[in-house]
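Engineer: The structure that follows is given in the form of structure tokens.
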Amino acid sequence: MVLEWLVVILICAFLEAITVNLVTIWFIASGLVALIVSIFTDSLLIQMGIFVLLGVFLLITTRKPLQRMVNVHREKTNLDRIYGMTGVVTEEILKNKPGVVKVDGKHWSAVSDSDIPVQSIVKVLEINSTKLKVKKVED
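Under my numbering, the residue at position 27 of the sequence shown is numbered 16, and the numbers go up by one with no gaps.
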């Protein structure tokens, strides 16, 4: 059963290498423990139980702290800054026709799920290419 656990560990390591999102790293560790256990017992039930339970336990207890360590500081770009900002409609936005809004001193093409008249205050919901998706801020 040692060879099978080595294959499982290598598959998990390959998946982790191609995703780089801390998805299977815990199962690599639990696979190593299951490999060691397989040397001492032939019970597949015990080996699988250790693999699954330890993998899930490690995932639940260490994922967030490990992600904080890996993603130490992410520099915000100019686009990231305008998410959630408010702006003023300078050219009417119609449901099927983009308008223009002024956000952070710059003019942007904007779309919305509803009609928004000029001088309305809007909030930036998302950025699609060079257009902002906005919604009217209710008074």
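We put the CB at the ideal spot given by N, CA and C, even for glycine. If you're wondering where the values come from, they're calculated on a predicted model, not measured in any experiment.
Of the residues I49, A23, M37, D31, which one's Cα is nearest the Cα of V12?
Structural biologist: Here the question's residue 12 lines up with position 23 in the sequence shown. Of I49, A23, M37, D31, the residue nearest in Cα terms is I49.
Engineer: Beta carbon of I35, beta carbon of V(-9): below 9 Å?
Structural biologist: Here residue 35 refers to the residue found at position 46 when the sequence shown is read from its first residue. Here residue -9 refers to the residue found at position 2 when the sequence shown is read from its first residue. No.
Engineer: Around the C-beta of G44, are 16 or more other C-beta atoms found within 10 angstroms, so that it is buried, or is it exposed?
Structural biologist: One-based indexing of the sequence shown puts residue 44 at position 55. Flag for G44 reads buried.
Engineer: Please go through the same chain and pick out, in chain order, the residues whose beta-carbon is closer than 6 Å to the beta-carbon of A23, but skip the five residues on each side of it.
Structural biologist: Here the question's residue 23 lines up with position 34 in the sequence shown. Hits under 6 Å: W(-6), Q36, I39, F40.
Engineer: If you run the structure through DSSP and keep just helix, strand and coil, what is E127?
Structural biologist: Your numbering for residue 127 matches position 138 in the sequence shown. E127: coil per DSSP, three-state reduction.
Engineer: Which runs of the beta strand (DSSP E) fall wholly inside the region 21 to 98 and span at least 3 residues, in chain order?
Structural biologist: 75 to 80, 88 to 92
Engineer: Measuring only the C-alpha atoms, how far is L121 from N85?
Structural biologist: Taking the sequence shown and counting its residues from 1, the one referred to as residue 121 is at position 132. Taking the sequence shown and counting its residues from 1, the one referred to as residue 85 is at position 96. Those two C-alpha atoms are separated by around 14 Å.
Engineer: Does the beta carbon of V123 fall short of 8 Å from some heavy atom of the ligand HEM?
Structural biologist: This structure lacks the ligand HEM, and indeed carries no ligand of any kind.
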